[in-house]
Amino acid sequence: MRRFAALLLASSIAHLAHADEVQVAVAANFSAPMKQIAAQFEKDSGHTVLASFGATGKFYAQIQNGAPFDVLLAADDETPAKLEKEGAAVQGTRFTYAIGKLVLWSAQPGLVDDKGEVLRKGGFTHLAIANPKLAPYGAAAVEVLQKMQLYGTVEPKLVQGENIAQAHQFVVSGAAPLGFVAMSQVMEGGKLKSGSAWFVPANLYTPIRQDAVVLARGKGKSAVEAFLAYLKGEQAKAVIRSYGYEL
């Protein structure tokens, strides 16, 4: 019994000795699934995930200025590719971890119809979107409005959040009665959590391919490699799908 306890203690000490931290910059739309994935990864691996959530464009600027991130989970595929080209990310580590979907959503039941006609009818004071210069979901929202030939009409009513999390908060708080948000923010377990929504057809905006990449600071770190392997695994994929993403 004593020998078993000693072996167990030695195993625990060895496990802790190899435990490390992974600093991850995470696109705001991926906040909820990331929190679930990180918690399970920490439990299974012993490593610690330090996640920061925000706009992809802002993270790009921070990484260029030496921010101490090991991994970027972007809201697009362009930023990771650009970081690779510039030498700020590790060649060959980039992959698509999720394909995001855009939703026109209101916290009020019945306000948004299932074809988005509310945009043509007007009658709303403000429409929330993420900053299209910083956030790919904001750029996708502008693309939808342009394809519907409504951008000029709606532009005076637009209120911009720094990222998709802030755009979502504008709608939750009532500062804007409706807004373009990420499906992951309003869906869970394959169902709309509350309010009313129009699931924007994929042909109205460029696919939101969300890529992950190892940054220069994370090169060769075993904890980083373990985290990315976990993100590609079936357990993480099940969580990602449950929030409405495609893979």
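Position one of the sequence shown corresponds to residue 458 (my numbering), numbered consecutively onward. Backbone N, C-alpha and C fix where the C-beta goes; we use that ideal spot for every residue, glycine too.
Cut-off 6 Å between Cβ atoms - residues of its own chain near phenylalanine 510, not counting five sequence neighbours on either side: Val483, Ala485, Ser488
If you scan the stretch 533-563 from start to end, which runs of the beta strand (DSSP E) of 3 or more residues do you find wholly inside it? 552-557, 559-563
Classification of arginine 577 by the beta-carbon crowding that lies within 10 angstroms, buried from 16 upward: exposed
Suppose you measure from the CA of glutamine 692 to the CA of arginine 551; what does that come to, to the nearest Å? 20 Å
Since I believe aspartate 527 is in contact with valine 671 (beta carbons under 8 Å), could you give me their beta-carbon distance rounded to a whole number of angstroms? 7 Å
Find the nearest neighbour of serine 653 within the set Ala673, Met640, Thr663, judged by alpha-carbon distance. Met640
In whole angstroms, what is the alpha-carbon distance linking isoleucine 470 and glutamine 626? Note that isoleucine 470 has pLDDT 39, beneath the 50 cutoff, so the model's placement of it is unreliable and the number below is only indicative. Taking the straight line from one Cα to the other gives about 43 Å.
Is DSSP giving valine 601 helix, strand or coil here? helix
Sequence-distant residues of its chain with Cβ nearer than 6 Å to serine 502 (five each side left out): Ala683
Taking the CB atoms as reference points, tell me whether lysine 558 and glycine 701 lie closer together than 9 Å. yes
Here's the rule: buried if 16 or more other CB atoms are within 10 angstroms of the residue's CB, otherwise exposed. What is glycine 618? buried
For the beta strand (DSSP E) that alanine 508 lies in, which residues bound it at each end? 505-511
Nearest neighbour of lysine 539, chosen from Gln521, Asn588, Ala555 [CA to CA]: Gln521
Ordered along the chain, which non-local residues of its own chain (more than five positions away) have a Cβ less than 6 Å from that of glycine 675? Asp527, Val528, Val681
Can you tell me whether lysine 689 is helix, strand or coil according to DSSP? coil
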